[in-house]
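Undergrad: One structure follows; several queries about it will come next.
Residue numbers (our numbering): 24 to 155.
Below, the structure is given as structure tokens:
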């Protein structure tokens, strides 16, 4: 399957590709999680892999965002504790719907113009699948 022209859709709304930096989308698809895995006395790793797979997505916006563009980005994540979204999964080569959280995001003002308008450095954020 090929993509449909987007990498992230939140609550049915496509995140604008124009706000993504070149190379601004990456994912760690279907991460395997271990519980109580160990290395035995002979040096052999004994894994207990849980059945749940979790996908993590990293997004980086373009640099020099205007205040308005920053507000657009923020509008996709009004509740960072629970975000239901559709993301491109590069292991499945298909879209995947995940329920994720977005850890704290750092905002950095690049400069303020003569009119007092703010311009921001690229914003990076992560979507971490709960794995439900």
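Where a beta carbon is used, it is the ideal one built from N, C-alpha and C, also for glycine.
Pairs of beta-carbons, one from the region 80-92 and one from the region 139-153, closer than 8 Å: are there three or more?
TA: At 8 Å Cβ cutoff, the stretches touch.
Undergrad: Measuring alpha carbon to alpha carbon, tell me which residue in 106, 50, 62 is nearest residue 115.
TA: Out of 106, 50, 62, 50 has the C-alpha closest to the C-alpha of residue 115.
Undergrad: With a cut-off of 8 Å, do at least 3 Cβ pairs link the region 106-114 to the region 24-36?
TA: Judged by Cβ distances under 8 Å, the region 106-114 makes contact with the region 24-36, as three or more pairs qualify.
Undergrad: In whole angstroms, give me the CA-to-CA distance for residue 103 and residue 126.
TA: Cα-Cα distance, rounded: 7 Å.
Undergrad: Rounded C-beta distance between residue 53 and residue 145? I'm assuming under 8 Å.
TA: About 27 Å separates the two Cβ atoms, so there is no contact after all.
Undergrad: Looking at the structure shown, is residue 97 part of a helix, part of a strand, or coil, going by DSSP?
TA: Of the three classes helix, strand and coil, the one that applies to residue 97 here is helix, per DSSP.
Undergrad: Have a look at residue 88 and residue 48 and give me their C-alpha separation to the nearest angstrom.
TA: Residue 88 and residue 48: Cα-Cα distance of roughly 17 Å.
Undergrad: According to the neighbour-count rule (16 or more other Cβ atoms, all chains shown, within 10 Å of its Cβ), is residue 143 buried or exposed?
TA: By the 10 Å Cβ count, residue 143 comes out buried.
Undergrad: For residue 112, is the classification buried or exposed, using 16 other Cβ atoms within 10 angstroms of its Cβ as the cut-off for buried?
TA: It counts as buried.
Undergrad: Per DSSP, which one or two residues make a beta bridge with residue 19?
TA: Here the chain has residues from 24 to 155 only, and residue 19 is not among them.
Undergrad: Taking residue 122 as the reference, give the member of 141, 140, 128, 154 with the closest Cα.
TA: Answer by Cα proximity: 154.
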